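**Q** I'd like to ask some things about the structure below.
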Amino acid sequence: MFSSWNTSSSCCMVTTKSIHLADFFILLVAISLYTVYMRILHNNKVIHVNLKLILTIISTLDISVLLVRIADFLDFSGTYDFGPTLQNSIKMICFSMGTLSLFNLLAERSFALYAYQWYERPESARPHIIIMIYLLQFIFVLIAYRMVENGGAKAAQLYVAVLFCCAIVALVTTLLYVLSARLRQNCVRRRRFELTRHSISGQYQMAENQRCDRFIALYIPFQVLSFFLTTILGGVLVFQVQRKDPRSYLLFHSLLYLTIAPRVMISMLIPLIRHPALYKQLKQLLCRKGSYKAVDHMELSSSEQPKYIIVHSTEGKPLTFSPEEEEALYFQNYSTAWGCSAE
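See the structure below:
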């Protein structure tokens, strides 16, 4: 991976710069989507804080890999340095951490699926364990990458091979998780109304886990397949193009990153569209500007608080309620429904 070749001019520079231009505009779109995604994700109160942290780290690592490409956009020399530069180090470290994040996500979802009674407790909402895991993984990746830098080309090839094996293991683990999640959900549906075994909060947590699984069932396989394909393309780039045709390396390197940017955007769109709560917030965010304009043109007839007309039946029972009464009545009926279903 690291050779002394860094002065030979690359071929197809016009095509390469055209790809850089297209990649730059895609990067701007990805950054805008990342900003919206982070805003919606962290304003959401439904998704568990541990899951939000992992999703945030995965997207941040992906965006970091794309942001490093800015140095390529500003380089017009037509050469590529295979040495241990800061740019190459950031790319490989972020990609390695992204691969390990897939296992963290699978572990977190497994805990949420099988240990929901513990997962609903307040102490589980403190992501100290996940932060410590990421710190240990980061230290491990730094040590491994430093050994690769000192080991030369063979160590670099071994590093890529290890990433390839990790992608295969993640793919197999994902298939097992999807199958076990379906079996677990079928089991939960059969006993979700058994109040003697599950509290209302426990049933609520199971319902939230099922809502999360709506996008997790698509998000995890997509991420794993994407990392798997990216690892394969990276291996071809290192083992074939760099060895046999180094002058074409810059062109194929640009094509590789042109495939990464759409994958990053799709990985952020899946939670926003598939999760009901996030999708609702996305629609509200898109329509907020028009809503604000409509509110600005509204004029109240008086400065007093709005009044509500309460309609009663012939028996004296109220038929209409204020917003506060409707909210209290909703939760009362919700609690009664759980009790009736248990009987």
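Take the sequence shown: its position 208, counted from the start at 1, is 208 in my numbering, and no numbers get skipped. All residues carry an ideal CB built from backbone N, CA and C; glycine is no exception. This one's a predicted model, so the numbers in the text were calculated from it and none came from an experiment.
Per DSSP, what kind of secondary structure is residue 218 in: helix, strand or coil?
**A** What you label residue 218 is simply residue 218 of the sequence shown in a count that begins at 1. Here residue 218 sits in helix by DSSP.
**Q** Rounded to a whole number of angstroms, what is the C-alpha to C-alpha distance between residue 40 and residue 96?
**A** For the purposes of this step, residue 40 is taken as the residue at position 40 of the sequence shown. For the purposes of this step, residue 96 is taken as the residue at position 96 of the sequence shown. Between residue 40 and residue 96, the C-alpha separation is close to 27 Å.
**Q** Closest to residue 60 by C-alpha separation, out of 264, 274, 287 and 232, would be which residue?
**A** Counting from 1 along the sequence shown, the entry for residue 60 is found at position 60. When only C-alpha atoms are compared, the closest one is 264.
**Q** Can you grab the Cα-Cα spacing for the pair residue 127 / residue 50, in whole Å?
**A** Here residue 127 is taken as the residue at index 127 of the sequence shown, counted from 1. Here residue 50 is taken as the residue at index 50 of the sequence shown, counted from 1. Each residue's Cα considered, the two are about 6 Å apart.
**Q** Could you spell out the range, first to last residue, of the alpha helix (DSSP H) harbouring residue 87?
**A** Your numbering for residue 87 matches position 87 in the sequence shown. Element bounds for residue 87: 86-114.
**Q** DSSP on residue 20, reduced to helix/strand/coil?
**A** Locating residue 20 in the sequence shown gives position 20, where the first residue counts as 1. Helix, per DSSP.
**Q** Reducing DSSP to helix, strand and coil, say where residue 245 ends up.
**A** Sequence index remark: in the sequence shown, residue 245 carries index 245 (1-based). In the structure shown, residue 245 sits in coil (DSSP, three-state: anything other than H, G, I, E or B).
**Q** Have a look at 110, 118 and 98 and flag the residue whose alpha-carbon is nearest the alpha-carbon of residue 137.
**A** Numbered from its first residue, the sequence shown carries residue 137 at position 137. Nearest C-alpha to residue 137: 98.
**Q** Tell me the rounded alpha-carbon separation between residue 278 and residue 57.
**A** Start at 1 with the first residue of the sequence shown, and residue 278 comes out as number 278. Start at 1 with the first residue of the sequence shown, and residue 57 comes out as number 57. One C-alpha to the other measures close to 18 Å.
**Q** Using a 10 Å radius around the Cβ and a threshold of 16 neighbouring Cβ atoms, would you call residue 65 buried or exposed?
**A** Numbered from 1 along the sequence shown, position 65 holds the residue referred to as residue 65. Buried, by the Cβ-count rule.
**Q** Would you decide whether residue 35 is buried or exposed? Buried here means 16 or more other CB atoms lie within 10 Å of its CB.
**A** For the purposes of this step, residue 35 is identified with residue 35 of the sequence shown, where counting begins at 1. By the 10 Å Cβ count, residue 35 comes out exposed.
**Q** Which two residues bound the contiguous alpha helix (DSSP H) that contains residue 239?
**A** As a working note, residue 239 is residue 239 in the sequence shown. From DSSP, residue 239 is part of no alpha helix (DSSP H); its letter is neither H nor E.
**Q** Is it the case that the Cβ atoms of residue 90 and residue 68 are separated by a distance below 8 Å?
**A** Your numbering for residue 90 matches position 90 in the sequence shown. Your numbering for residue 68 matches position 68 in the sequence shown. For residue 90 and residue 68, yes; Cβs fall inside 8 Å.
**Q** Report the three-state DSSP secondary structure of residue 42 (helix, strand or coil).
**A** Numbered from its first residue, the sequence shown carries residue 42 at position 42. DSSP places residue 42 in helix when its eight states are reduced to three.
**Q** Quick check: what's the CA-CA separation for residue 227 versus residue 164?
**A** Your numbering for residue 227 matches position 227 in the sequence shown. Your numbering for residue 164 matches position 164 in the sequence shown. Their backbone Cα atoms lie some 9 Å apart in a straight line.
**Q** Here's a check: name, in chain order, each residue in its chain whose Cβ is nearer than 7 Å to the Cβ of residue 27, leaving out the five neighbours to either side.
**A** If you number the sequence shown from 1, residue 27 lands on position 27. Cβ within range, chain order: 66, 69 and 261.
**Q** Return the residue from the list 148, 25, 171 and 170 that minimises the CA-CA distance to residue 160.
**A** The residue labelled residue 160 in the question sits at position 160 within the sequence shown. The option with the nearest alpha carbon to residue 160 is 148.
**Q** Using a Cβ-Cβ cut-off of 8 Å, state whether residue 111 counts as contacting chain C.
**A** Protein chain content of the structure displayed is limited to a single chain, and chain C is not contained in it.
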